[in-house]
Structure formats: structure tokens, C-alpha cells
Amino acid sequence: QLTSQKCTTGCPILDRLLYGGIPCDSITEIVAESGSGKTQICLQLSLHAQLPVSHGGLAASSLYLHTEFPFPFRRLHQLCLSFRSSNAHHFPVNDNPCDRIFVQSVHTADHLLEIMSKTDPFIENSKNQVPVRLIVIDSIAALFRSDFDNTPVELKRRSSLFFKISSKLKALAKRFNLAVLVTNQVVDLVGPNEGINGLFLSRNEEVIREENEKSNGQSCDFVKKKMRKLYVVFAPHLPESSCEFEITREGLFG
Ligand code: ADP
Numbered sequence: 008q009l010t011s012q013k014c015t016t017g018c019p020i021l022d023r024l025l026y027g028g029i030p031c032d033s034i035t036e037i038v039a040e041s042g043s044g045k046t047q048i049c050l051q052l053s054l055h056a057q058l059p060v061s062h063g064g065l066a067a068s069s070l071y072l073h074t075e076f077p078f079p080f081r082r083l084h085q086l087c088l089s090f091r092s093s094n095a096h097h098f099p100v101n102d103n104p105c106d107r108i109f110v111q112s113v114h115t116a117d118h119l120l121e122i123m124s125k126t127d128p129f130i131e132n133s134k135n136q137v138p139v140r141l142i143v144i145d146s147i148a149a150l151f152r153s154d155f156d157n158t159p160v161e162l163k164r165r166s167s168l169f170f171k172i173s174s175k176l177k178a179l180a181k182r183f184n185l186a187v188l189v190t191n192q193v194v195d196l197v198g199p200n201e202g203i204n205g206l207f208l209s210r211n212e213e214v215i216r217e218e219n220e221k222s223n224g225q226s227c228d229f230v231k232k233k234m235r236k237l238y239v240v241f242a243p244h245l246p247e248s249s250c251e252f253e254i255t256r257e258g259l260f261g
């Protein structure tokens, strides 16, 4: 994985932690409580995947499977505005990068498997236009939370479905050299697993960083920034380490 292609997150400090971004050819899972910023990372990644390879992107479109409702279209458009204004030279005038994010809602784990059985031809066909090179599932846990009781039979069904889904994702990642980003609210669902990189996003450790901001060359008041922390928990190509970043109206910043 050290040499596998990476997709920039659009945030230099996160890219540095991840040695360039989210890797192709494997699955990356971000585990965190609700409200930590998982969706913000997914949205920003889907936009940045469209950048040319020379700028850290995959020159690709993405398939965004969401299980939480409603899908944050307004937030995507807001992030897209700042993405476009900083990368205008890469896109034609009047081009809308949101058009290259194929958003699909998913309601159950069986539904996800059904969608994934149609994903191969979908990605194959996309090669004629802007190929799909990124799959996001935000979040996988929601599918396994609602549908299952804690009985042995249900737990077995759950783990068998989960195995099928992760095997299919791995096969897709390999076949099409995709980056796959999956979010999860519960820690025990996946665990260290061959072919899966685990990242942990902490909200509890929000730290306030005070910075002396300068405007027009003049020093002004300290501003308080709410920083979040992303940890590499297990990933064969990365050391265990962490970094802090901030979520702003414009996106993720280090
Ligand atoms: P998760 O997917 O982990 O549940 P989200 O990705 O939805 O979490 O993150 C929600 C957080 O993102 C909010 O608590 C807020 O701090 C931040 N956020 C969302 N939109 C904006 C915005 N427009 N400006 C600044 N911060 C935002």
C-alpha cells in the first residue's frame, strides 16, 4: 500500500498523516461518534477525487452511498463553492463538480448488497466518461444498527452480511483500483482486518487552539479554533500517529 495511489483529502495536514490521502486498492474505515466530522471528510474527498492526478486527485467521479437521511446536499454545495474557487483552473466554466458525485441512498444491509451487485457494470460504464474511482459509504453502521436483534441467529446473519459486503468492497477496490471510504459509529463492527485501514476521529478531545491572526499585516485579536483529532489506528502503510484539523465553512483545514 505504500506505493498505491492516494486520493487527497484536500487538507494538507490530513494528507501528511495519511501519506498522501486515502489509498486506492483497499478499504479505509473512519470510526467516530456522530457529529465528529466523518461526513465532512467524505464530502470533501468526493470533491477532491476529481482533481488531476498531478494535484493529488484521481481525475475521477465517485459513488456516494448514504444511509443517514437526509443527504447533506446544502453542505455539499457549500463545500463545492470553495472547492471550485480554489481549483477553478482545473474545471471548465459553468462546470459543476457535484454532478460527478453519484449519490445513492441505502436503506438496509440487503439493499446495500443489491446495489453492490450492480456496481461492477456501473463503474465499467463510467470509464467512457469520468471514471468512478472512489466509493464512499456513510455510514455502514446505520445499516447494521436498525435491522438486527441481539439473538444468536440475527448476529450470525449480521456477521455473514457484513462479511459479504466487505469482501465485495475489497474485490471492487482491487478490480477498479478504487479508493473506498467507509464510516462507522461503532468500534466493534470491523476491527483490524486484512485490507482495511482503520482511522479514528475523536471529538471528545476537541482542543481549542488560540492563534494570533493577522489581517492586512496587522496583528488582531486571538481567535479560538475548535480542533479535531484524527488517529491512525491500524494501517499497514502508516505509523500510528495523529493530527489535528479544523472544520470550517470552507472545509477541512490543518
Ligand atoms: P458525523 O458524520 O461524524 O456525524 P459531520 O460530518 O456531520 O459528523 O460533522 C458535523 C460537524 O461538522 C458539526 O458539528 C460542525 O462542527 C461541522 N460543520 C458542519 N457544517 C459546517 C459549516 N458549514 N461550518 C463549520 N462547521 C461545520
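Sequence positions in the sequence shown follow full-length UniProt numbering and run 8 to 261. Just so it is clear, CB atoms sit at the ideal spot from N, CA and C, and this is done for glycine as well.
Among the options, the one whose alpha carbon lies nearest that of residue i
| i | options | result |
| --- | --- | --- |
| Ser43 | Ser248, Ser209 and His244 | Ser209 |
| Leu58 | His96, Gln111 and Lys181 | His96 |
| Asp32 | Ser173, Glu253 and Arg182 | Arg182 |
| Ala116 | Phe129, Thr74, Asn103 and Asp102 | Thr74 |
| Pro246 | Leu185, Ala180 and Gly205 | Gly205 |
| Asn94 | Gly261, Phe80 and Gly63 | Gly63 |
Contact under 7 Å by Cβ, residue i with residue j
| i | j | result |
| --- | --- | --- |
| Val139 | Leu72 | no |
| Lys236 | Glu251 | yes |
| Cys14 | Ile29 | yes |
| Ala56 | Leu141 | yes |
| Leu176 | Ile48 | no |
| Phe248 | Val240 | Checking the sequence, you will find Ser at residue 248 rather than Phe. Not closer than 7 Å, so no. |
| Leu50 | Leu25 | no |
| Leu179 | Leu185 | yes |
| Leu54 | Thr16 | no |
Extent of the continuous beta strand (DSSP E) to which residue i belongs
| i | result |
| --- | --- |
| Asn191 | Ala186 to Asn191 |
| Gln111 | Ile108 to Ser112 |
| Cys49 | First-last for Cys49: Lys45 to His55, but that is the alpha helix (DSSP H), not the beta strand (DSSP E). |
| Gly73 | The question names Gly, but residue 73 in the sequence shown is His. Taken as a continuous stretch (DSSP letters only), the beta strand (DSSP E) holding His73 covers Ser68 to His73. |
| Val145 | Note that residue 145 is Asp in the sequence shown here, rather than Val. That run of the beta strand (DSSP E) goes Val139 to Asp145. |
Sequence-distant residues of the same chain with beta carbon closer than 8 Å to residue i, five excluded per side
| i | result |
| --- | --- |
| Leu196 | At Leu196 the pLDDT is 48, less than 50, meaning the model places this residue with poor confidence; the figure from the coordinates comes in the next sentence. Excluding residues within five positions, the ones whose Cβ falls inside 8 Å are Ile147, Ala148, Phe151 and Phe169. |
| Ser41 | Gln192 |
| Leu120 | Leu168, Lys171, Ile172 and Lys175 |
7 Å CB neighbourhood of residue i in its chain, flanking five on each side removed
| i | result |
| --- | --- |
| Glu257 | Ser89 |
| Glu161 | Phe155 |
| Glu87 | Here the sequence assigns Cys to residue 87, which means Glu is not the residue at that position. If we look at Cys87 and ignore the five residues flanking it on each side, its Cβ neighbours are Leu54, Pro104 and Cys105. |
| Phe260 | Cys18, Phe252 and Glu253 |
Cutoff 6 Å; reference residue i; Cβ partners in own chain excluding five residues on either side
| i | result |
| --- | --- |
| Thr46 | Asp145 |
| Gln111 | Leu72 |
| Gln12 | Cys31 |
Alpha helix (DSSP H) segment containing residue i, residue limits
| i | result |
| --- | --- |
| Arg256 | That residue, Arg256, is in no alpha helix (DSSP H); it is neither H nor E in DSSP. |
| Glu161 | Pro159 to Phe183 |
| Thr35 | Per DSSP, Thr35 belongs to no alpha helix (DSSP H); it is in the beta strand (DSSP E), Ser33 to Val38. |
| Thr16 | First-last for Thr16: undefined, no H or E at that position. |
| Gln85 | Phe80 to Ser93 |
Minimum Cβ-Cβ distance from residue i to chain D less than 7 Å
| i | result |
| --- | --- |
| Ser209 | Any reference to chain D falls outside this structure, which holds one protein chain only. |
Cβ contact check for the segment 9-24 and the segment 157-165: 3 or more pairs under 8 Å
no
Between the segment 106-126 and the segment 62-79, do at least 3 Cβ pairs fall closer than 8 Å?
yes
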